[in-house]
Amino acid sequence: MLGVVLAGVVFTILGIVGMVGMVASSDTETIVKENSILVLDLDGSLSERVEDNPLQSLLGEEYQVYGLDDILSSIRKAKENENIKGIYLQTGILNASFASLEEIRNALKDFKESGKFIVAYADQYMQNMYYLASVADKVIVNPQGSIAWQGLSSQTIFFKDLLKKIGVEMEIFKVGTYKSAVEPFIATEMSDANREQVSAFLHSIWGRLLEDISASRSIPAEALDKYADGFLMLEPAETYIANGMADTLMYKDGVLNYLKELTGREANESLRTLSLEDMKNVKRHTPLDKSGNIIAVYYAFGDIDDTASASTEEGIQSEKVIKDLRKLHEDEAVKAVVLRVNSPGGSAYGSEQIWREVVLLKEAKPVIVSMSDYAASGGYYISCAADYIVADPTTLTGSIGIFGMFPNMENLLNDKLGLHFETVKTNANADMGNMTRSFNTNEKVAMQKYINQGYKLFVQRCAEGRGMSVEAIEKIAEGRVWTGATAKELGLVDELGGLDKALEIAAQKAGVESYSTISYPDQDDFFTSLLKEGKDNYINGKITETLGNSYRYLQLFENWKNMDRIQARMPFELHIK
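Put into structure tokens, the structure is as follows:
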């Protein structure tokens, strides 16, 4: 028994030492050898930022989560490093929105200006990944491969009949003809208004894709649109060469030999490659800024004060954001703040609190918003007070409207489960919101009045922030979702571009020529993250990997009790394929 105990202690110490060694080695500077290639092997999902996990490869984790910030930084480093000759883009199935992909695509376009090559290859190109790959100098397809190209679609799941079967009725209070987040719970099909807005932004995004690919591949946009009406994915691979969507057909071994030729390696020599993990520890060849000036990039991504997102690595917790922005306010070295927003919204109350802190922050220094995939409803609420707003053309934004949603489980509890309740109260409204009964007439009137007041305040905040009249905002509000390109035409956005454009504008408005860019909030180190929430993140990650986007609905029901009932957010599920 003593031997077993001692062995356990020894193995525990060795395990800790090993883990410390792995973490330490992950921080070691990467030395780039001559004639190297950056390999972007994208297969998994994309997030704004991710925490390092040196145990991921050791534990055999196949599902990768990539940080957009890491990808953009790696591409910039690869452009600057003379030992890196090109980028090999190998695409799989990446869960990513087009706004983020456009930022990567623009970074790749910038990389090409250095004269270095980009080669793209896939066995089967998914549509969103072909959009990314189309910027390459050479697009290669497997001789038995395919290119998915069929246009965009968005599908909504409706729960009304399911809820009816189990005896649950949702009581809805909302403002906004286009505020469709509640529709899945009270309808069995899209409203005409929702169908109109979804069709509008799908066509806007599709038009952007056609425009970009047409410019890169020298194929008329009309021809690309026509290709999508066929069954291109089912055509022989030679079709893609004939119509100009690809350059050549090769098996994987042929691609590797081709890359060796481009880098001057012999056939019997191995390629010198760098992964994203390697690039994180490659130093940039830029002079160290000695001005002391800082432009802070504050990342706010996920749902706002939503307990469904609080159990994962993503989520905007208003109290934490307020504290962080206050520190940036007080830090004299920070000359401007770029608020990077990627949020479909959430708690209306939490959004208002963050809005207030943004107002106070911009009294001291410029605040520029950089919109990512989403900055809608609550995401727009926390953005509208900024000095300047930059969005990608395919960003989904707007959705200026709020709603309240309350489940009435009277039928489920009484008729289905045989449970009956009797309430004793001191005042008429003491049990308002009790899920064992429906709202009475007076309660419904009071709740709708409260929602109307919230909407009026939201519109007022937008009008003040954008320098527009309340009437002008009301015409484009009503909960309607817009793309970044359309939002610019409507005055909700100032300029189209990505994070780099926002940083450029921040420097101009702060009046600084030299500065350092620092990302906030600080990320926990690996061990701290593991101890704090490693188990929950791991379990949630596994469930998400298995159930995909459907897990969002399960989280919604799971966290209903603690969720803010008054929401400023876009539809719960809006996935474009």
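Residue 913 is where the sequence shown starts when you use the numbering used here, and the numbers rise one by one after that. Beta carbons are placed, not taken as given, at the ideal position from N, Cα and C, and that holds for glycine.
I'd like to check one pair, residue j with residue i: are the Cβ atoms closer than 8 Å?
{"i": "residue 1320", "j": "residue 1083", "result": "yes"}
{"i": "residue 1311", "j": "residue 1393", "result": "yes"}
{"i": "residue 1186", "j": "residue 948", "result": "yes"}
{"i": "residue 1428", "j": "residue 1206", "result": "yes"}
{"i": "residue 1050", "j": "residue 1151", "result": "no"}
{"i": "residue 1163", "j": "residue 1055", "result": "yes"}
{"i": "residue 1216", "j": "residue 1156", "result": "no"}
{"i": "residue 1418", "j": "residue 1278", "result": "yes"}
{"i": "residue 963", "j": "residue 1435", "result": "yes"}
{"i": "residue 1263", "j": "residue 1290", "result": "yes"}
Can you give me the Cβ contacts of residue i inside the same chain, cut-off strictly under 7 Å, excluding the 5 residues immediately before and after it?
{"i": "residue 1167", "result": "1033 and 1052"}
{"i": "residue 1234", "result": "1265, 1266 and 1269"}
{"i": "residue 1046", "result": "1125, 1128 and 1129"}
{"i": "residue 1169", "result": "1179"}
{"i": "residue 1272", "result": "1241"}
{"i": "residue 1380", "result": "1403"}
{"i": "residue 1012", "result": "958, 980, 1284 and 1285"}
For residue i, does the three-state DSSP call read helix, strand or coil?
{"i": "residue 1325", "result": "helix"}
{"i": "residue 969", "result": "Note that residue 969 has pLDDT 49, beneath the 50 cutoff, so the model's placement of it is unreliable and the number below is only indicative. Coil, per DSSP."}
{"i": "residue 914", "result": "helix"}
{"i": "residue 1196", "result": "coil"}
{"i": "residue 1373", "result": "helix"}
{"i": "residue 1407", "result": "strand"}
{"i": "residue 1243", "result": "coil"}
{"i": "residue 1254", "result": "strand"}
{"i": "residue 1148", "result": "coil"}
{"i": "residue 1191", "result": "helix"}
{"i": "residue 1354", "result": "helix"}
{"i": "residue 1033", "result": "strand"}
{"i": "residue 1098", "result": "helix"}
{"i": "residue 1091", "result": "coil"}
{"i": "residue 1081", "result": "strand"}
{"i": "residue 1398", "result": "helix"}
{"i": "residue 1001", "result": "strand"}
{"i": "residue 1317", "result": "strand"}
{"i": "residue 1432", "result": "strand"}
{"i": "residue 1348", "result": "coil"}
{"i": "residue 957", "result": "strand"}
{"i": "residue 1271", "result": "helix"}
{"i": "residue 1057", "result": "strand"}
{"i": "residue 1382", "result": "helix"}
{"i": "residue 1479", "result": "strand"}
{"i": "residue 1008", "result": "coil"}
{"i": "residue 1112", "result": "helix"}
{"i": "residue 1362", "result": "helix"}
{"i": "residue 1207", "result": "strand"}
I need the straight-line Cα distance from residue i to residue j, nearest angstrom please.
{"i": "residue 1017", "j": "residue 1031", "result": "13 Å"}
{"i": "residue 1400", "j": "residue 1076", "result": "42 Å"}
{"i": "residue 1267", "j": "residue 951", "result": "40 Å"}
{"i": "residue 1306", "j": "residue 1323", "result": "43 Å"}
{"i": "residue 1143", "j": "residue 1061", "result": "8 Å"}
{"i": "residue 1190", "j": "residue 1213", "result": "26 Å"}
{"i": "residue 1373", "j": "residue 1058", "result": "49 Å"}
{"i": "residue 1370", "j": "residue 993", "result": "47 Å"}
{"i": "residue 959", "j": "residue 1423", "result": "31 Å"}
{"i": "residue 1009", "j": "residue 1313", "result": "23 Å"}
{"i": "residue 1296", "j": "residue 1377", "result": "5 Å"}
{"i": "residue 1286", "j": "residue 1035", "result": "30 Å"}
{"i": "residue 1347", "j": "residue 1338", "result": "19 Å"}
{"i": "residue 1340", "j": "residue 1354", "result": "10 Å"}
{"i": "residue 1248", "j": "residue 1387", "result": "32 Å"}
{"i": "residue 1293", "j": "residue 1318", "result": "23 Å"}
{"i": "residue 1116", "j": "residue 1308", "result": "10 Å"}
Per DSSP, residue i forms a beta bridge with which residues?
{"i": "residue 1286", "result": "1308"}
{"i": "residue 1023", "result": "DSSP lists no partner for residue 1023."}
{"i": "residue 1186", "result": "950"}
{"i": "residue 979", "result": "959"}
{"i": "residue 1050", "result": "1031"}
{"i": "residue 1160", "result": "1052"}
{"i": "residue 1167", "result": "The partner list for residue 1167 (beta bridge, DSSP) is empty, contrary to what the question assumes."}
{"i": "residue 1512", "result": "No answer is possible for residue 1512: it lies beyond the span of the chain, which begins at 913 and ends at 1489."}
Going by beta carbon distance, what residues of the same chain come within less than 6 Å of residue i, once the five residues before and after it are set aside?
{"i": "residue 1063", "result": "1140"}
{"i": "residue 1333", "result": "1348"}
Report all residues from its chain with a CB closer than 8 Å to the CB of residue i; omit the five preceding and five following residues, and keep chain order.
{"i": "residue 1172", "result": "1178, 1179, 1181 and 1183"}
{"i": "residue 1478", "result": "1259, 1260, 1261, 1314, 1315, 1316, 1362, 1363 and 1366"}
{"i": "residue 997", "result": "947, 948, 949, 1028, 1029, 1174 and 1175"}
{"i": "residue 1385", "result": "1312, 1371, 1374, 1375 and 1378"}
{"i": "residue 1100", "result": "1070, 1072 and 1073"}
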